[in-house]
Amino acid sequence: MTTVAADARMLAREARRLRRTGALGASGWTAVIALAVLVAIALLAPVLAPQDPNAVDLSGAYQGSSAAHLLGTDASGRDLLSRLLMGSQTALVGPFLVVLVSTILGTLLALAAVWFGGWLDQAVVRVVDAVFAFPGLLLAILATALFGSGLTAAVAALSIAYIPYIARIVRSAALRERSLPYVAALRVQGVHGLWISLRHILPNVAGLIVANATLAFGFALMDLAGLSFIGLGVQPPTADWGAMVGTGMAGVLQQQPQEALYASALIVITVAAVNILGDRLTERSEARS
Amino acid sequence: MTALPSSSLLSVDGLTVRLPVAGEQRTVLKDVSFSLDAGRTLGLVGESGSGKSMTVRTIARLLPEGAEVTGGVAFDGAAVFDLRGEALRGYRARDVAMIFQDARAYTNPVRRIGDFLTEAMRTNERMPKAAADRRAVELLAKVGISDPERRMRQYPHELSGGLLQRVMIAAAVAARPRLILADEPTTALDVTTQAEVMGILQRMQREHGMAMLFITHDLELAGAVCDETIVLYAGQVMERQSSARLHRDPLHPYTAALVQARPDIERRAVRLPAIPGHPTTAYEAPAGCAFAPRCRFAEDRCREGVPPLLALEGDAETRCVRMPGLRGRMLQPEEVVL
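If you're matching them up, the sequences are chains A and B in order.
First residue of the first sequence: -6, per this note's numbering; consecutive thereafter.
First residue of the second sequence: 23, per this note's numbering; consecutive thereafter.
In structure tokens, the structure reads:
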């Protein structure tokens, strides 16, 4: 019991140290390495994949591990390792696009609202709150119903759904930054508002934006995987982790859980790594402000 | 809102400012009027909360959102509160410059001194980087900073308060403005640095022929630096007269009390006389004269209605109803007067 308590105390002390100094710490660096490996895999997937991920071999369905198929095969006899490797591309590109678009648009919206203030700020706040009320996944389902299923519609819908998330955080940070005396000094020198917003306020809130974009990446990955799982995201036969969890469900009922298991494990690892890194980055931007 | 055409560089006419505080509009400046000619220096003195900073912030159009302004501010005949967009930016970029009390807070901590100095030149005058850098180095040398090339690459936290204030002065005179608004530029500095910085500021002012509105709570400094001094209390002008006479011949009991409350090298004081009570704001000010509750010369008529600004001989003004009868008697010990 005493060692457990001592361990807990040590962990708490370590957490406090990280919060104070803004260092990434062991967990943060582990997450960075895990993500670096995942990105490398996604980039090299076409080279690394031992076989064509879409080559069907119905007579070789649900094989276990073998020299030919290191992780076995799925219901259609496709090589699981190859599909998982190729799936990492859509798994990372989708959320990346969502985060890129929503962060850029959300940040610009927030900076404009903060600089001009008044009715524009109020309008942005109201619209953002209204969009916030819709769950991102629901919006994405609506979008796929309108524009057909596929990655593009899902990414576009989630991009819009994630704007409020970024815009709210950037707005509050930029509002604080704008009230600082140095901004008044720049204004009274006649420096243009656009310049002050982009060259002074934006860099000074950039840490927070990066931290929240990282966290948003995790959520976007989960949402996109969820959409693929219910068949509205990435369409077969393209390999995708979320879709593989979906198709793997049939295997689970037949005592063949490998496909769903491996794909879920990769999703969990990626999201966990992204969230840990996002938390560390948030603490870092707070420690430095 | 439209200002009357005037020969003065800056004329402030019946300026009243209300700010939203805790859900209501509170008066911070009440009927402030003065004018400043090109190349001259006008001092604004008063306690904290008397409206000194608010006056210069109004002139620089740096009021917080929701501020309500009546009366007019005219710069070179143009109404400052009619300026919009580019015209406002041009006014701030070319006509006025401001120096703040706490130079450290008024610089972006993550940008280099060089960036800070060249920013306005590059964005407003579209000066190429090399030319702007050269000019910034010249300016730093002019305000007495040694090794300006190295300073250009440093960050604000690497400079002392006095050095940083010199950088602020360099930035302020960079655009050759016609009016400098100096908001307690030396208050945060120690005494020797204060003298150096004041010297540089005055030299810059002379060389560029700039007018200066100088805020301070230091009567001695105002006397030494300014041609004319305005004493503010509770957001109102209490008196205005030439700085040279302010100490010897105060025109308002408040000024007299301030003069007496400071130590004098030629006078032995066991205890400095303090002004009883505490400074009030325009919002809390009583119905009559704002200073009446603390004034040892107050009479019943002082508490009835705000006294008007009374013109006295020698281009001076006072807001005391007992003037000029009280003139010359306010600095004498209490027993003699009462």
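Glycine included, C-beta positions come from ideal geometry on N, C-alpha and C.
**OP:** Could you have a look at residue 8(B) and say whether DSSP puts it in helix, strand or coil?
**Re:** Absent from the structure is residue 8(B), since the part of chain B shown begins at 23 and ends at 360.
Original post:
How long is the line joining the alpha carbons of residue 63(B) and residue 190(A), rounded to whole angstroms?
Top reply: Position 41 of the second sequence, counted from the first residue, corresponds to residue 63(B). Position 197 of the first sequence, counted from the first residue, corresponds to residue 190(A). Distance between the alpha carbons of residue 63(B) and residue 190(A): 34 Å.
Subject >> C-beta atoms of residue 201(A) and residue 162(A) nearer than 8 Å >> reply: The count along the first sequence starts at 1 and reaches residue 201(A) at position 208. The count along the first sequence starts at 1 and reaches residue 162(A) at position 169. Their beta carbons are under 8 Å apart, which means residue 201(A) touches residue 162(A) by this criterion.
Original post:
Is it the case that the Cβ atoms of residue 291(B) and residue 285(B) are separated by a distance below 8 Å?
Top reply: The residue given as residue 291(B) occupies position 269 in the second sequence. The residue given as residue 285(B) occupies position 263 in the second sequence. Yes.
Original post:
Where in the segment 72 to 150 of chain A do unbroken runs of the alpha helix (DSSP H), each at least 4 residues long, occur, reported from the N-terminal end onward?
Top reply: 73 to 109, 111 to 125 and 129 to 140
**OP:** Could you round the C-beta distance between residue 27(A) and residue 262(A) to whole angstroms and report it? I think they count as a contact, below 8 Å.
**Re:** Against the first sequence, residue 27(A) aligns to sequence position 34. Against the first sequence, residue 262(A) aligns to sequence position 269. Indeed they touch by this definition, with Cβ atoms about 7 Å apart.
Subject >> Residue-chain proximity (residue 204(B), chain A), Cβ-Cβ < 8 Å >> reply: Taking the second sequence and counting its residues from 1, the one referred to as residue 204(B) is at position 182. Not closer than 8 Å to any Cβ of chain A, the Cβ of residue 204(B) fails to qualify, so no.
**OP:** Report the residues of the segment 107 to 136 of chain A with a CB closer than 7 Å to any CB of chain B, ordered along the chain.
**Re:** 110
Original post:
So is residue 46(A) in contact with chain B if we call contact Cβ pairs under 8 Å?
Top reply: The residue given as residue 46(A) occupies position 53 in the first sequence. Chain B, which has no Cβ nearer than 8 Å to the Cβ of residue 46(A), makes this no.
Original post:
Using DSSP with H/G/I as helix, E/B as strand and the rest coil, what is residue 49(B)?
Top reply: Within the second sequence, the letter at position 27 stands for residue 49(B). DSSP, read as helix, strand or coil, puts residue 49(B) in strand.
Subject >> Where residue 153(A) sits in the DSSP three-state scheme >> reply: Along the first sequence, read from residue 1 onward, the residue named residue 153(A) stands at position 160. Correct three-state label for residue 153(A): helix.
Original post:
Under the criterion of a Cβ to heavy atom distance below 7 Å, does residue 79(B) qualify as lining the ligand MG?
Top reply: The ligand MG is not among the ligands present in this structure, which contains no ligands whatsoever.
Subject >> Beta-bridge pairing of residue 252(B) - partner residues as DSSP gives them >> reply: Locating residue 252(B) in the second sequence gives position 230, counting from the first residue. Residue 252(B) is bridged to 66(B) and 262(B).
Subject >> Sub-8 Å separation of residue 160(A) and residue 133(A) beta-carbons >> reply: Stepping through the first sequence from its first residue, residue 160(A) is reached at position 167. Stepping through the first sequence from its first residue, residue 133(A) is reached at position 140. No, Cβ-Cβ distance for residue 160(A) and residue 133(A) is not below 8 Å.
Original post:
Going along chain B in order, which residues have a C-beta closer than 8 Å to the C-beta of residue 56(A)?
Top reply: Translated into the one-based positions of the first sequence, residue 56(A) becomes position 63. The contacting residues do not exist; residue 56(A) stays about 58 Å from chain B at best.
Original post:
Any idea if residue 140(A) is buried or exposed, counting beta-carbon neighbours within 10 angstroms, 16 or more meaning buried?
Top reply: Numbered from its first residue, the first sequence carries residue 140(A) at position 147. Flag for residue 140(A) reads exposed.
Original post:
Using 8 Å as the Cβ pair cut-off and three pairs as the minimum, do the segment 143 to 157 of chain B and the segment 232 to 246 of chain B touch?
Top reply: Using a Cβ-Cβ distance cut-off of 8 Å, the segment 143 to 157 of chain B and the segment 232 to 246 of chain B are not in contact, since fewer than three pairs of beta carbons, one from each stretch, lie closer than that value.
Subject >> Proximity of residue 316(B) and residue 298(B) at Cβ, strictly below 8 Å >> reply: Taking the second sequence and counting its residues from 1, the one referred to as residue 316(B) is at position 294. Taking the second sequence and counting its residues from 1, the one referred to as residue 298(B) is at position 276. The answer is yes: Cβ separation under 8 Å.
Original post:
Do residue 185(A) and residue 130(B) come within 8 Å of each other at the CB atom, strictly closer than that value?
Top reply: For this step, residue 130(B) is matched to residue 108 along the second sequence. For this step, residue 185(A) is matched to residue 192 along the first sequence. No, they are not a contact pair.
Original post:
For the segment 89 to 103 of chain B against the segment 207 to 224 of chain B, are there 3 or more C-beta pairs whose distance is under 8 Å?
Top reply: no
Original post:
Near residue 199(B), which residues of its chain fall below 7 Å by C-beta distance, leaving aside the five closest residues on each side in sequence?
Top reply: The residue labelled residue 199(B) in the question sits at position 177 within the second sequence. For residue 199(B), where only same-chain residues beyond five positions count, the Cβ hits under 7 Å are 116, 117, 118, 119 and 232.
**OP:** Apply the 10 Å Cβ neighbour rule to residue 34(B) and answer buried if 16 or more other Cβ atoms are within range, or exposed otherwise.
**Re:** Locating residue 34(B) in the second sequence gives position 12, counting from the first residue. Label assigned to residue 34(B): buried.
Original post:
Any idea what DSSP makes of residue 124(B), helix, strand or coil?
Top reply: Here residue 124(B) refers to the residue found at position 102 of the second sequence. It is coil, neither helix nor strand.
Original post:
Is residue 54(B) closer than 8 Å to residue 40(B) when the C-beta atoms are compared?
Top reply: Walking along the second sequence from the start, residue 40(B) turns up at place 18. Walking along the second sequence from the start, residue 54(B) turns up at place 32. Going by C-beta atoms, residue 40(B) is not nearer than 8 Å to residue 54(B).
**OP:** Could you please give the first and the last residue of the uninterrupted beta strand (DSSP E) stretch that includes residue 97(B)?
**Re:** As a working note, residue 97(B) is residue 75 in the second sequence. DSSP places residue 97(B) in the uninterrupted beta strand (DSSP E) bounded by 90 to 97.
Subject >> For residue 128(A), the nearest candidate out of 117(A), 114(A), 84(A) and 158(A) (CA to CA) >> reply: Taking the first residue of the first sequence as 1, we reach residue 128(A) at position 135. Residue 128(A) has its Cα closest to that of 158(A), out of 117(A), 114(A), 84(A) and 158(A).
Subject >> Test item: CB-CB of residue 305(B) and residue 48(B) under 8 Å >> reply: For the purposes of this step, residue 305(B) is identified with residue 283 of the second sequence, where counting begins at 1. For the purposes of this step, residue 48(B) is identified with residue 26 of the second sequence, where counting begins at 1. Contact: yes.
**OP:** Would you decide whether residue 0(A) is buried or exposed? Buried here means 16 or more other CB atoms lie within 10 Å of its CB.
**Re:** By 1-based counting over the first sequence, the position of residue 0(A) is 7. Counting C-beta atoms within 10 angstroms of its own C-beta, residue 0(A) has fewer than 16 neighbours from the protein chains shown and is therefore classed as exposed.
**OP:** Please list the partners that residue 84(B) has in chain A, where partner means a Cβ-to-Cβ separation under 8 Å.
**Re:** Stepping through the second sequence from its first residue, residue 84(B) is reached at position 62. For the C-beta of residue 84(B), the chain A residues within less than 8 Å are, from N- to C-terminus, 177, 180 and 181.
**OP:** Under 8 Å between beta-carbons, which chain A residues line up against residue 132(B)? List them in chain order, please.
**Re:** Here residue 132(B) refers to the residue found at position 110 when the second sequence is read from its first residue. Those within 8 Å of residue 132(B) in chain A are 196 and 197.
Original post:
How about residue 360(B): is its C-beta nearer than 8 Å to some C-beta of chain A?
Top reply: Along the second sequence, one-based indexing puts residue 360(B) at 338. Only weak support is given to the placement of residue 360(B): the predicted model assigns it a pLDDT of 45, under 50, and the question is left unresolved by the model.
**OP:** Could you work out which residue in 72(A), 249(A) and 207(A) is closest to residue 278(A) when comparing CA atoms only?
**Re:** For the purposes of this step, residue 278(A) is taken as the residue at position 285 of the first sequence. The residue with the shortest Cα to Cα distance from residue 278(A) is 207(A).
**OP:** With distances taken Cα to Cα, identify the nearest neighbour of residue 199(A) among 138(A), 255(A) and 99(A).
**Re:** Translated into positions along the first sequence, residue 199(A) becomes position 206. It is 99(A).
**OP:** Compare the C-alpha of residue 57(B) against each of 321(B), 348(B), 210(B) and 339(B) and name the closest.
**Re:** As a working note, residue 57(B) is residue 35 in the second sequence. Ranking 321(B), 348(B), 210(B) and 339(B) by Cα distance to residue 57(B) puts 339(B) first.
Original post:
Applying a beta-carbon distance threshold of less than 8 Å, which residues of chain B neighbour residue 163(A)?
Top reply: Position 170 of the first sequence holds residue 163(A). The premise fails here: residue 163(A) is roughly 17 Å from chain B at the closest Cβ pair, so nothing lies under 8 Å.
Original post:
Of the residues 82(A), 257(A), 51(A) and 144(A), which one's Cα is nearest the Cα of residue 71(A)?
Top reply: Within the first sequence, residue 71(A) is the residue found at index 78, counting from 1. Of the candidates 82(A), 257(A), 51(A) and 144(A), the one whose C-alpha sits nearest the C-alpha of residue 71(A) is 51(A).
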